[in-house]
Structures are given as structure tokens and as C-alpha cells.
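Protein chains: 4
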Amino acid sequence: MLPFEHSTQLRVRYAETDQMGVVWHGHYVQYFEAARTDALRANGGSYRALEASGIMMPVVELGISYHKPARYDDLLTIVTRVAEPPGARLRFDYEILNEAREQLVTGYTTLAFMDAATRRPCRPPHSLRALFT
Amino acid sequence: MLPFEHSTQLRVRYAETDQMGVVWHGHYVQYFEAARTDALRANGGSYRALEASGIMMPVVELGISYHKPARYDDLLTIVTRVAEPPGARLRFDYEILNEAREQLVTGYTTLAFMDAATRRPCRPPHSLRALFT
Amino acid sequence: MLPFEHSTQLRVRYAETDQMGVVWHGHYVQYFEAARTDALRANGGSYRALEASGIMMPVVELGISYHKPARYDDLLTIVTRVAEPPGARLRFDYEILNEAREQLVTGYTTLAFMDAATRRPCRPPHSLRALFT
Amino acid sequence: MLPFEHSTQLRVRYAETDQMGVVWHGHYVQYFEAARTDALRANGGSYRALEASGIMMPVVELGISYHKPARYDDLLTIVTRVAEPPGARLRFDYEILNEAREQLVTGYTTLAFMDAATRRPCRPPHSLRALFT
């Protein structure tokens, strides 16, 4: 059902900090990925099953804005939203909050659909379209 | 109380796989770290608080044996054990199991105690010794 | 001197692939970072010295477009460009090419200047402005 | 020719530091991997070609001892050594030095040979045995 929204919680690992004493900026890409996988699973979808069925979803575009740093051991909430049904592409928007509900990071990823065998673009599978309509 | 044992659950992220189609072997080091932090927290300890109090615990030795591969989206159980009270060092042993309870990986890390200001070895803090005796 | 341009070469590590058999999309953030550090060094600047002098440059914005995948063991060329002199912020643009000179990835990062002690925004250091004017 | 020895240079990335201000201990596993790939390449071998020919070399055992920390922007030398010809397994030993020639880290990885199609153990390929005899 659109707009689609799901919240995921995740604790910052020590390995994810850098010498600035905060989460290294590239690691949020992992958090986004974990959050959208979790959002699909919570709604009966499974990216793992999708790949097993021969469809891959490579990321074709990514954007991140950094407002405040996350720190080691912070329990983060990642809100994943989908506003538009999947067409040739599917866009996820993310918002990362800390326990004080401060907005730390916002961003998005746009994914394409690809036939795993041919590595060519393909249409979104019915199962996934069903999640978002 | 010794022997100390704690179980942590953690789901494999896509980013943690490699082109063999399994978890890249170096990522288990992160899983060990997340597991021992969680084990301390569950028992009233906090590595974050420890660092804030001026004590760091660098890893001085690490060993891993790989029995079977973990895969994307697997829900792993990491069992963390401590058999000996902390002296100049503290050793954690780990066992990683999948949902079918197959043993995938075993390993250990030995950590030292270091004064964060001087970067010199120091004695284990009382709070931590209390957890393991 | 503007426009500033520098090329860095870097070989893809096995650890950087994922189960799609290509470089995991988040790792390009590391490549961008390595490339801009290298670009500064080649022009007499040093991010390490900058931090040692009390100035940090957190990333405040990041964007990536993925055109074709990089693969394990590829020798990549990362072209780093700066078009505008540093003001409150400094933007780096990147272009990643493979050995066949195909454009794989384009992106940018915008960095701010921060006083390491106060963690407050500060003006770009003279040494850095000198590199880009 | 045994004993086999090769040196690789590699610069520490910012992303590889942690909030202790040094290289996060798990990242040395990546350095080891990059070093052994480079050692093979320099001697006419190619892990990429090996995988393309249907043989994978999963890591089955890993050990690391940490003597002194590496820091951001350090130019590291990783010495890779092989003392025994490949049998069912192949062991690489590593030594990591900084620019002052201080020994920072020592370690080893033991790799097995696996048929990529069946995922069963297999004999080391002739091309690889030729490198080490």
C-alpha cells in the first residue's frame, strides 16, 4: 500500500566508526540496504527469494545528506519509504534517527530490475508490484 | 559468573557477501565484535562506557576457523563465551550457528586493557572483573 | 589551479565484491575518499596534516550514479575534479573508468570544514585555499 | 620457488580507521587478501583467472597477532610468504611493516581448493603448483 513506510532498528558497530569518532559516512549505505531488505521482509517480500527466482536489483542511483553524526553503540531507527509503485525503477527514501529522535541522515536509493541470467533490464516481478499497490 | 555465555542474533547483510556467493571471510571479525559488545551489555557492562571512562580494549590476537559458509539473509546466532577472568588480557571465544543449528565458524579474540590517555597497558577495571567472577 | 583534476589508480579487492559478482555499490564511497586524499597529496596538500592541525572535513552530501559495474581485480582510474574554490564547503566530482576507458560510475561529495576541538564549522584553511586558486 | 616471498605496498584509507584513531583490527584481513593476490600476479599467477577456470580458494583458517597499530595514511608494506608447496591446502604468512620498518602485524591464512561448480574440495591446479616448486 502506498505510501509505504517501515521502521528498522540497528545498533552501530565499533567497526563502523572512524577516527573522527563517529560513523564513517559510507557505512550509511549498508544501513539503507539492511533497512530496505527488512522493510520488504516485514511486508511478505524477500529480496533473497527474488534473487533466487532470477531477478536482481542493482542500485543505479544513490544520494545522502548528512545532518548530524551517529556514534558507536547508538541504537538507530531507519525509516524506509516508497512513494511510487515500481516501474522500470524503484526508489526508496530513508531517514535515520537516533534514540533522541534527532534526524541524523536522509537519503535515497534508486534500484533497477535486471534478469540475473542475461544481465539485461527486465520488468518488476508481480510479487513486488503487489507489495506497493 | 564463569563460565560466561551469551547468545546474539544477527542477520547477514548483502554488503557482507562476496562473489563466491557467501559471507566474505573477514566480516566474521565484525560479527565477533558485535557479539561481545552485546554480551557485555546484556550483563550490565558497556564497552562504550568503558571507553568513556578512559579505558580502551584493543584486540591483540585473533583466530578464526571456517567450517561452512554463511549466506545472505541468514539469521546467525553467535555464542560468546569467557572461560577465564580478565588478567592482563581477556579472551572471548565465539561459535557461529545458522538457523539449522549448523556450526559455521569458530574463533576467538584476545583483548588487552589500555589507558586511553597514555596508550599504555593498564589493569582491567573493577566493573569488568566483577562481570566475570 | 582551477579547474583542478587528478587521476588515481586503484585495484578492486575481492572483499569489495558482492554476490552479484560485481563491486558492492557502497564501496565506491571508499574509492572516492581514497581518490580525493591522493589528489590533495599529489598537489602538496595532506588531509592527515590538516586533521593534525585541528581541522576536520566531514562529508555533508554525497551522490552516486552507477552506469556499469566494476569487477574483482579491475584496475580502476578515478578522476577527481574540483571546479569551485573552497568556501564554507568544498565539492569534489569523481569519474571512475575501467581499463577499457568505459565510464562506470560518476559522483560527488561535498565536504564542510569543522574545528576538531569545538566540532563547529570553521573557515577553510589558507593552505587548502591556496591549492585551488 | 620456495621459500616464496613478495612485498606489496598499500596506503591506509580513512574509512579503515576506527574511533581508537588506528586501523580497525578486522581490516588487516583485507590487506592480507590484497597482498596474496598481488603476490600471485607478480609471479605470473592470477586468482581471477583461477576462479574463471572453475576453481575457488576459500579461506579455512586465519590468525592475526597485533603488535603496533597502523594509522590513517600510513604507507604499509605487506610481506607475503609461502613456505610449503600447495597440497590439499595452501598457507600464506604475512608481515605488515610501516615506513619506519616497524613490525605492526603478523598473521596467516590457510586456503583450500574448491571446485566452483560442485563446491567440493579439489586438487590444486597445476599452474598454481608450478608457482611454488
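Top to bottom, those sequences are chains A, B, C and D.
Adding 16 to a residue's 1-based position in the first sequence gives its number in the working numbering.
Adding 16 to a residue's 1-based position in the second sequence gives its number in the working numbering.
Adding 16 to a residue's 1-based position in the third sequence gives its number in the working numbering.
Adding 16 to a residue's 1-based position in the fourth sequence gives its number in the working numbering.
Note that CB positions come from ideal geometry on N, CA and C, so glycine has one too.
As the structure is a prediction and not an experimental result, all values here were calculated from the model.
Residue range of the unbroken beta strand (DSSP E) whose run includes residue i
i                 : result
His142 of chain C : No beta strand (DSSP E) holds His142 of chain C; the alpha helix (DSSP H) holding it covers His142 to Leu147.
Leu120 of chain D : Gln119 to Ala128
Leu26 of chain B  : Phe20 to Arg27
Coarse secondary structure for residue i, derived from DSSP in three states
i                 : result
Tyr44 of chain C  : helix
Glu32 of chain C  : helix
Asp89 of chain D  : coil
Glu111 of chain B : strand
Val39 of chain D  : strand
Pro151 of chain D : Not covered by the structure: residue 151 of chain D. The range shown for chain D is 17 to 149.
Arg135 of chain D : coil
Test item: CB-CB of residue i and residue j under 8 Å
i                 : j                 : result
Ala128 of chain C : Pro137 of chain C : yes
Val28 of chain A  : Arg87 of chain A  : yes
Glu49 of chain B  : Ala132 of chain B : no
Thr122 of chain D : Glu115 of chain D : no
Pro19 of chain D  : Arg97 of chain D  : yes
Arg105 of chain D : Thr126 of chain D : yes
Leu208 of chain C : Gly79 of chain A  : Look at the range of chain C in this structure, 17 to 149, and you will see that residue 208 of chain C is not part of it.
Thr55 of chain D  : Thr24 of chain D  : The identity of residue 55 of chain D in the sequence shown is Ala, whereas the question assumes Thr. Yes, Cβ-Cβ distance for Ala55 of chain D and Thr24 of chain D is below 8 Å.
Val39 of chain B  : Pro102 of chain B : no
Gly37 of chain B  : Gln35 of chain C  : yes
Gly42 of chain C  : Ala31 of chain B  : yes
Ile94 of chain A  : Ala58 of chain A  : no
Met17 of chain C  : Pro74 of chain C  : no
Thr53 of chain D  : Tyr44 of chain D  : no
Ala99 of chain D  : Asp109 of chain D : yes
Leu147 of chain A : Leu113 of chain A : no
Residue i: CB within 7 Å of a non-hydrogen atom of the ligand FAD
i                 : result
Tyr110 of chain A : In the structure shown, the ligand FAD is absent, as is every other ligand, since no ligand is present at all.
Every unbroken beta strand (DSSP E) within the region 49-95 of chain B, with a cutoff of 3 residues, ordered by chain
As summarised for the region 49-95 of chain B, the continuous beta strand (DSSP E) elements at least 3 residues long and confined to that stretch are 75-82, given in chain order.
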